[in-house]
Structure formats: structure tokens, C-alpha cells
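Those sequence lines, one after another, are chains A and B. Here our numbering is used: the first residue of the first sequence is 1, the next is one more, and so on. Here our numbering is used: the first residue of the second sequence is 1001, the next is one more, and so on. Here the structure is laid out as C-alpha cells; the discussion comes afterwards.
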Amino acid sequence: MKTRFDSPWGAVVVLALVLGGCAAPPRPNVLAHLAPKGQQPVALLPVQAADVRVTLAEPTTFNEITVGLFTKSQESAVRTATAILDGLGKRGGAVTGPSIAASALGPEECARLVVYLNDPGPPTEAWKQQGLAEIAGRLGVTALVRTRITVRYTEAIGVPADLSVGPGSASVAATITVELDEIDARSGRIVGHGRGESIYRSTSRVAGATSAAAATVVPSLPVGPFTESVMLAVHTAWRALQAPPVAADQP
Amino acid sequence: MFRKAALLSLVLIFALAGAGCPTVRYGRVPPTARLEADLTPRVSTKADVLRVLGPPRGYGRAQLRAAGTPRDTWFYEAIVAPPSGDVRIKFLLVYFDGEVFDGYFWFSSLKDAPPILQR
């Protein structure tokens, strides 16, 4: 007598059930409400260290802030912003995320990109327009979005060099500003702008973050108060970039 | 025997101390020899400078004369800081008039610098 599992189809069914049970549950797409501006293909340019500026509100009063704190802030801001913006690109459609853009361009092109974006001359200079147009062409888009992050420390008390602080021994506060500039790849001009700001405050590495930021799911990203603040600012800036421009004659 | 062991220990201690304080280097030595070989003032452009010298480490604007207009400026630097404290530096400023290469200024105290600049 032939049993049910003697048939190869039975094994296939069992295998399918097992694999289905092992698959991860669908992750809620918390970024679904952020639609790309229009339907034109846009690339979110790689977020690089040169895009992050770390400053002090009052340099003379913060003599315990170390280079380590600045470097850590810069690295963390780059990593977090990249992860958030990659989430936008992974939804498919018209948005290319910064990690994909970085892979497509390569390190030399990314280094040149920093020059195009930071040169103090006007965006209408021919060499800059040509360089940005080439980058856009390589990425297959017509618009580029540049990210600028400013971390402005307003308070830093008792921060040791290695940042391994004990409870209640350190207090750090900063204002994190994220600005997104949408650049028309043909003209090099900025055609859209979004700005987001959040407050980072930490006492002994324990700090509250807003619920909006905490609701964000970013896989494989260690979330701390600093990263949550960066995430909130990036989200706010992206939403502002998507908002339709307000006409000048409107009240 | 004891003297040899002590001497060996001292040598090891100094070697490890030396290994723990490596020479700090940052920046990329600007290839100033290529300034005159591959670039022509008032002819070359920012794109040419970027191709020849690579990306700068800093940007700004400088007005060299009261009567002139501010020039876009690119900044290149390299610093070598050994544990001995004999810090050496090379920097280069490249000036532009619009997007046209308009001049440069550099200084070096690196070991390969011209003798007049050696300490």
C-alpha cells in the first residue's frame, strides 16, 4: 500500500510548509507614507563624512569635548542617515538609495562628487554641471538629492575621552539638523529643499527620544538616542522635501 | 647573564613603546610638480585641477588684494607627526577666477622639500 509521503509531491508540500513557517513575518513598511516627489527618477546621493558638520554652540565653555566624540558623532550620523535613506530606495520605484548610488559610482566618483557639491563657486559653472550630469546619467536619474547634516553641541559636561561614562557622570545635548537639497541634474540648480531638526540629549547614555522616531524600524542598526534623533531629523527633512511648494502670493 | 637580560628587556620596552606611538599621517601630499607640468594658469579649469591634483581637503574664498575680487580657493595638505614631535607639513592653495585656474601658493617642510625650506 502506498502512503501519502511515498509521493514526491507530498515531500514538496511539506518542504513548502516548513520553508513558509521559517520565513520572517512581513516587516511593517513605516516609510510607506513617504512618496517620492512626482514620478521623476531621483537618486539619494551617498552620505559622506564631508556632509556632516559637527560644531559647538560656545567653544570656550566645552573644553572636555574630545575629538573622539566628534568622530563618533560624524560616523554615527553618516551610518544612520544612510540606513534611513536606503529604506526609501528599497521601496522600489523612482528612488535610488545612497548605498546603491555609492556602489554604482565607486570611491573615486564619490570623491569627485564631494568636490562638485562643496566647491564655493556657483552651481552654474560648466564643469560642475557636466560632472553632476555624468553622475546622474550613470545612476539613470534626472534629479539628485544631497544630504547635509549639522550636529551642534549645546551641552557637554563630564565627557571623558573614551566615552565610557558611568551613571550620571555625563550630560550631552545637541541640536541635529538635516537638510536635503534636490538638485536638477541638467542645470545643477537646487530645485527643492527639505529641513528637519531634532534635539539629542543624553545623561549617562540614557535619553528619551520622541515616539515618532522610536516607531521607525531600521534593520541591523543599533539604535541609541543619538541615532534616533538623526532618524527623526532625516524623516522630517524628507517629508518637507515632498511637501508641495507654497505659492508666494498665498496668505 | 643578568646584564644581557636587562639590556634585552630595555630594548624590548623601547621597541614596544615605539610601536605604541606610531607616526601620525593625514592628508595626501599635494603633487606640486604637476602644477606647472600639467596645468596652465588662465587656461586650465577646475575640472583640470581636480583631474591633476585630486580632490582638495578644504574650500574657501580668498581676496589677496584690496582692489581685487575674492577668489575661490582649494586647499590641499599633508601632515606627518612622528612620536619625536618633529611635525612636518606641506600645504597648497589653488586660486581660481571663476572656474579658471588662476594661480597657486605652496609650502613644505617635508623631507623632500627644497633645501632652503629644510629646518
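For every residue, glycine included, the Cβ atom is placed at its ideal position computed from N, Cα and C. Please read these numbers as outputs of a predicted model, since none were measured by experiment.
Would you kindly work out how many angstroms separate the C-alpha atoms of residue i and residue j, rounded to a whole number?
i	j	result
A:Q48	A:E109	12 Å
B:P1055	A:R201	36 Å
A:T154	A:A174	5 Å
A:R53	B:D1112	34 Å
A:V151	A:P244	27 Å
A:T236	A:G87	15 Å
B:A1037	B:R1028	19 Å
B:W1106	B:T1032	8 Å
A:G140	A:R146	16 Å
B:T1040	A:L117	24 Å
B:V1087	B:P1022	13 Å
A:S232	B:S1109	Residue 232 of chain A is actually Leu in this sequence, not Ser. Taking the straight line joining both Cα atoms gives about 47 Å.
A:L85	A:L69	24 Å
B:D1122	A:S171	Any question about residue 1122 of chain B goes unanswered here, given that chain B covers just 1001 to 1119.
A:R239	B:A1078	41 Å
A:S76	A:S99	15 Å
A:V78	A:A57	21 Å
B:G1085	B:Y1104	29 Å
What three-state label does DSSP hand residue i in the structure shown?
i	result
A:R189	coil
A:A252	Any question about residue 252 of chain A goes unanswered here, given that chain A covers just 1 to 251.
B:G1103	strand
B:K1004	helix
A:D184	strand
B:K1090	strand
B:R1025	strand
B:L1064	coil
A:T82	helix
A:A143	strand
In the DSSP assignment, find the unbroken alpha helix (DSSP H) run with residue i in it and report its ends.
i	result
A:L117	98 to 118
B:K1046	1046 to 1053
What does DSSP give as the partner residues of residue i in its beta bridges?
i	result
A:E197	A:T177
A:E155	A:A173
What are the start and end residues of the beta strand (DSSP E) that includes residue i?
i	result
B:A1081	1071 to 1081
A:G131	Unbroken run through A:G131 is the alpha helix (DSSP H), 126 to 139; no beta strand (DSSP E).
A:T55	52 to 56
B:A1033	Counting along the chain, B:A1033 falls outside any beta strand (DSSP E), though it belongs to the alpha helix (DSSP H) covering 1033 to 1038.
A:V42	42 to 44
For residue i, collect the residues of the same chain with a Cβ closer than 6 Å to its Cβ; drop the 5 residues on either side in sequence, then sort them by chain order.
i	result
A:S73	V54, V151
A:G196	V178, A233, T236, A237
Please work out which residues of its chain come closer than 7 Å, Cβ to Cβ, to residue i, disregarding the five sequence neighbours upstream and downstream, and give them in chain order.
i	result
A:D119	K128
B:Y1076	P1030, L1053, P1056, R1057, F1091, L1092
B:R1061	P1070, R1071, D1072, T1073
A:T142	Q40, P41, A136, A185
Starting from the C-beta of residue i, find all residues in its chain whose C-beta is less than 8 Å away, skip the five residues before and the five after it, and write them out in chain order.
i	result
B:T1045	E1099, V1100, F1101
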